[in-house]
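Participant: Using numbering that gives the first Met the number 0, read the sequence shown as starting at 0 and increasing by one per residue.
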Amino acid sequence: MISSSEYGSHSWELLVTVDHQHEEVQKECLLQVTGDLHIGGVMLKLVEQIKKSQDWSDYALWWEQKKCWLLKTHWTLDKCGVQADAKLFFTTQHKMLRLRLPNMKTVRLKVSFSSMVFKAVSDICKILNIRRSEELSLLKQSEDTLKKKKKKDKNSKEPVTEDVLNLCNSPVSSGLSGSPGLYSKTMTPIYDPISGTPASSTITWFSDSPLTEQNCSVLAFSHPNCSPEILAEMYQPRTLADKAKLNAGWLDSSRSLMEQGILEDDQLLLRFKYYTFFDLNPKYDAVRINQIYEQARWAILLEEIDCTEEEMLIFAALQAYHVSKLSLSSEAQDFTRESEVDEVEAALSNLEVTLEGGNASNTSEDITDIPKLADNLRLVRPKRLSLKTIKPYWFVFKDTSVSYFKNKESAQGEPIEKLNLKGCEVVPDVNVAAKKFGIKLLIPVADGMNEVYLRCDNENQYARWMAACVLASKGKTMADSSYHPEVHKILSFLKMKNWAMSTQAVSDPESIDMKPECFVSLRYSKKYKSKQLVARILEAHQNVSQMTLVEAKLRFIQAWQSLPEFGLSYYIVRFKGSKKDDVLGVSYNRLIRIDIATGDPITTWRFSNMKQWNVNWEIRQVAIEFDQNVSIAFTCLSANCKIIHEYIGGYIFLSTRSKDQNETLDEDLFHKLTGGQE
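(1) DSSP has I571 in a bridge; who is on the other side?
(2) What residue range does the beta strand (DSSP E) around P391 cover?
(3) If you scan the stretch 67–148 from start to end, which runs of the beta strand (DSSP E) of 3 or more residues do you find wholly inside it?
(4) Identify which residue in V106, F652 and S221 has its Cα closest to the Cα of Q266.
(5) From H93 to S111, what does the alpha carbon distance come to, in whole angstroms?
(6) Ordered along the chain, which non-local residues of its own chain (more than five positions away) have a Cβ less than 6 Å from that of K66?
(7) So is the beta-carbon of Y273 under 7 Å away from any non-hydrogen atom of the ligand GDP?
(8) If I measure Cβ to Cβ from F314 and keep anything under 6 Å in the same chain, skipping five residues before and after, which residues do I get?
(9) Closest Cβ-Cβ distance between K407 and chain C: below 8 Å?
(10) Per the DSSP calculation, G437 is bridged to which residue(s)?
(11) Quick one, which of A295, I129, A243 and Q140 has its alpha-carbon nearest V286's?
(12) Would you mind sorting I229 into buried or exposed? The rule is 16 or more other CB atoms within 10 Å of its CB.
(13) Please classify N457 as buried or exposed, where buried requires at least 16 other C-beta atoms within 10 Å of its C-beta.
(14) How would you call H540, buried or exposed, if buried means at least 16 neighbouring beta carbons within 10 angstroms?
(15) Run through DSSP, which three-state label would P281 get?
(16) Can you look up V543 in the DSSP assignment and give me helix, strand or coil?
(17) Tell me, please, which residues DSSP counts as bridged to H37.
(18) Please look up how many angstroms separate the CB atoms of A59 and L70, rounded, as I've assumed it's under 8 Å.
(19) In the DSSP assignment, find the unbroken alpha helix (DSSP H) run with D667 in it and report its ends.
(20) In angstroms, rounded to a whole number, what distance separates the CA positions of A243 and S637?
(21) Would a C-beta distance cut-off of 8 Å place V15 and L87 closer than the cut-off?
(22) Can you grab the Cα-Cα spacing for the pair M546 / E308, in whole Å?
(23) V519 by DSSP, collapsed to three states: which one?
(24) What does the alpha-carbon distance come out to for the pair R554 and E27?
(25) Are the stretch 606–625 and the stretch 646–658 in contact at 8 Å, needing three or more beta carbon pairs?
(26) Between the C-alpha atoms of P600 and D305, what's the straight-line distance to the nearest angstrom?
(27) Applying the 10 Å Cβ sphere with the 16-neighbour rule, what's the burial state of K528?
(28) Flag this pair as touching only if the stretch 453–473 and the stretch 485–493 have three or more C-beta atom pairs under 8 Å; answer yes or no.
(29) What separation, rounded to the nearest whole angstrom, lies between the Cα atoms of K579 and L672?
(30) Cβ atoms of E302 and S524: under 8 Å apart, would you say?
(31) Is K658 near D284, with beta carbons less than 8 Å apart?
(32) Which residues mark the beginning and the end of the beta strand (DSSP E) in which K242 is found?
(33) Measuring only the C-alpha atoms, how far is S577 from A632?
(34) Hey, L108 and L166: beta-carbon distance below 8 Å or not?
(35) Are the beta-carbon atoms belonging to Y452 and D479 less than 8 Å from one another?
Pasting the structure below:
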């Protein structure tokens, strides 16, 4: 045996491959080293042997077998575990990467391949001028989603040339400090809050950034829709299992791109991963709002999220005959009158799109006396072997519970039944045209979910009761400040669905020239003829025709957030003790176990009741403990269990954000909550 000191005193040969474009630079260097030589010393020897005068500061050593960077330059070769058989590459840390944005535009820019993905995304968002980078991440498309494209490409006669926006000269890419992705309270507005165009006073700001005015337009505005033929070629999930494939490729935020097998000039998707859009502000967030809008639009067009026919027409009206027309119209650039700006600012201040529904700064409006609702509603209970039973009762909503009585007079006594809505699933069951205003409640019980429907008489009654149910499911009462904004949000969405309109504008020739198939999913374009779709979309358009460009996008986002499936990311899992696969839906505030065959929710667990969660990395099992001695464990079959672990930790991290934090992120806390001890 040789002692470590004796071993360290003996020199040995280390082969390093140099990744350099210049032909004169030798590709392989054989260095004579000792075990106590530090990594910085190895790089110094390497540069001396190469004998090329240039800036080598972006270069570092990559260990191929171990798939890791040797970035701690003060560590010795012995401490790193590097021996003579190691394959080391001397290569740049910043490399070109192609990113497909939510609006389907591709940008090419230099990204750090040695930083953790969380930091790399933060740098990318600085280049693109997107605040709140913690809401986004990088997604690698699964092979299944690419198969359909490849098959279509083989059949196409003409090669498709993709229009790539090149941002390789960005200050962040070059290692310099770019514009901050966040803003201070005194920062000059970057965008016009109505049209979303760069404010005239900040055009010079863009000249220092890769986002010239033209590039900003590509990112901040919607552009003409793709043809129905292209839409048909794109991957469209048909089942929950298909939807699970969409979420399998999220990169690990705690590891670098290179460590995850990403190569130079590869293409990744930049997407909003976490559906908690914090502090949306039209003055600073034109690019961010547009990209959220685009992600929502494509999710609806490709049926990644389900919606009713009525809702599909509202989305079509907002995008087709409003956002598209306004984006193409020069009139969108001419809203400069001060009075109009103030009015829209006032309107949009209440339109801050948060999943909690309402303005986070209005906590002072909370009231101590908890209000209650009391009204005649109809109760619908589905029965397996017979038709649904529909009976009228007197309902009372107090705190987070609904009680119902035979009639108003008997409300002083004991209720027929009291339903505790805390932790339940609330699903709208609405058809405005048919005057149907229903609320579907899935209430957790010991052996699954108890299904109950409430039927309301009109829009106002529905909005009040629906808002109360939504808040109660989160453990909040109607005394919470978000109750009234939630009622307002529901009413505004119902108003958009209402087809009460005059027939005068239905024959707008300019609109009829547009292809309506570009604005609805394939299912609906197959169901109706083109003229029928135009007429129906124009009907819906009457309710949104007075909106400005930014408001139309915010309304679209808000309507998207109102869909029952909004914010759910699906994974196929096997629960401990179960003999069949289930689907796990991960949302911003809860986990849902879903029957893979029927799509029905089985159980819901809320993060607010979670005590701890951990991963057994050996058997790849996620274990979670909740209040009242409830514990679950599952293995993930459709993706790495680290992805679900990171989702849970990420949502908990995002729930800690507040506007008083001076806009800084606690990156260490993020990695502590999401990293795991693999």
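Idealized CB from N, CA, C, for every residue including glycine.
All values derive from a computational prediction rather than experimental measurement.
Facilitator: So, from the data block:
(1) The residue you call residue 571 lines up with position 572 of the sequence shown. DSSP, once it has assigned bridges, lists V582 as partnering I571.
(2) Reading the sequence shown from its first residue, position 392 is the one you call residue 391. P391 -> beta strand (DSSP E) spans T388 to K397.
(3) With a minimum length of 3 residues, the unbroken runs of beta strand (DSSP E) contained wholly in the stretch 67–148 fall at 67–69, 87–91, 93–99, 105–111 and 135–138.
(4) Here residue 266 is taken as the residue at index 267 of the sequence shown, counted from 1. Ranking V106, F652 and S221 by Cα distance to Q266 puts V106 first.
(5) On the sequence shown, position 94 is the one that residue 93 refers to. On the sequence shown, position 112 is the one that residue 111 refers to. Those two C-alpha atoms are separated by around 4 Å.
(6) What you label residue 66 is simply residue 67 of the sequence shown in a count that begins at 1. Only E258 meet the Cβ criterion.
(7) No copy of the ligand GDP appears in this structure; indeed no ligand is present at all.
(8) Reading the sequence shown from its first residue, position 315 is the one you call residue 314. I299.
(9) Chain labels in this structure do not include chain C; a single protein chain is all it has.
(10) One-based indexing of the sequence shown puts residue 437 at position 438. In DSSP, G437 forms a bridge with D428 and R454.
(11) Looking up residue 286 in the sequence shown gives position 287. Selected option, being the one with the closest Cα: I129.
(12) Here residue 229 refers to the residue found at position 230 when the sequence shown is read from its first residue. Classification for I229: exposed.
(13) In the sequence shown, residue 457 corresponds to position 458, counting from 1. Exposed, because fewer than 16 other Cβ atoms sit within 10 Å of the Cβ of N457.
(14) Taking the sequence shown and counting its residues from 1, one reaches residue 540 at position 541. H540 is buried by the Cβ-count criterion.
(15) One-based indexing of the sequence shown puts residue 281 at position 282. P281: coil per DSSP, three-state reduction.
(16) One-based indexing of the sequence shown puts residue 543 at position 544. Note: V543 maps to coil in three-state DSSP.
(17) Position 38 of the sequence shown holds residue 37. Looking at the DSSP assignment, H37 forms a beta bridge with T75.
(18) As a first step, residue 59 must be located in the sequence shown, where it is residue number 60. As a first step, residue 70 must be located in the sequence shown, where it is residue number 71. That belief holds up - the Cβ atoms of A59 and L70 are roughly 6 Å apart, short of 8 Å.
(19) Counted from its first residue, the sequence shown places residue 667 at position 668. E666 to T673 is the extent of the alpha helix (DSSP H) around D667.
(20) As a working mapping, residue 243 is identified with position 244 in the sequence shown. As a working mapping, residue 637 is identified with position 638 in the sequence shown. Rounded to whole angstroms, A243 to S637 spans 7 Å at the Cα level.
(21) One-based indexing of the sequence shown puts residue 15 at position 16. One-based indexing of the sequence shown puts residue 87 at position 88. Yes, the Cβ-Cβ distance between V15 and L87 is below 8 Å.
(22) Residue 546 sits at position 547 when you count from the first residue of the sequence shown. Residue 308 sits at position 309 when you count from the first residue of the sequence shown. C-alpha separation (whole angstroms): 22 Å.
(23) In the sequence shown, the residue the question calls residue 519 occupies position 520. Under the three-state reduction of DSSP, V519 is assigned to coil, being neither helix nor strand.
(24) As a working mapping, residue 554 is identified with position 555 in the sequence shown. As a working mapping, residue 27 is identified with position 28 in the sequence shown. Each residue's Cα considered, the two are about 58 Å apart.
(25) yes
(26) Locating residue 600 in the sequence shown gives position 601, where the first residue counts as 1. Locating residue 305 in the sequence shown gives position 306, where the first residue counts as 1. Roughly 15 Å between the two C-alpha positions.
(27) Sequence index remark: in the sequence shown, residue 528 carries index 529 (1-based). Counting Cβ neighbours within 10 Å, K528 comes out exposed, since fewer than 16 surround it.
(28) yes
(29) Position 580 of the sequence shown, counted from the start, is the residue given in the question as residue 579. Position 673 of the sequence shown, counted from the start, is the residue given in the question as residue 672. When rounded, the distance between both Cα atoms is 30 Å.
(30) The residue you call residue 524 lines up with position 525 of the sequence shown. The residue you call residue 302 lines up with position 303 of the sequence shown. No.
(31) Locating residue 658 in the sequence shown gives position 659, where the first residue counts as 1. Locating residue 284 in the sequence shown gives position 285, where the first residue counts as 1. No, these two residues do not count as a Cβ contact at 8 Å.
(32) Against the sequence shown, residue 242 aligns to sequence position 243. Counting along the chain, K242 falls outside any beta strand (DSSP E), though it belongs to the alpha helix (DSSP H) covering L239 to L245.
(33) Here residue 577 refers to the residue found at position 578 when the sequence shown is read from its first residue. Here residue 632 refers to the residue found at position 633 when the sequence shown is read from its first residue. One C-alpha to the other measures close to 10 Å.
(34) Residue 108 sits at position 109 when you count from the first residue of the sequence shown. Residue 166 sits at position 167 when you count from the first residue of the sequence shown. In this structure, L166 lies closer than 8 Å to L108 by Cβ.
(35) Position 453 of the sequence shown, counting from 1, holds the residue named residue 452. Position 480 of the sequence shown, counting from 1, holds the residue named residue 479. Contact flag unset, no.
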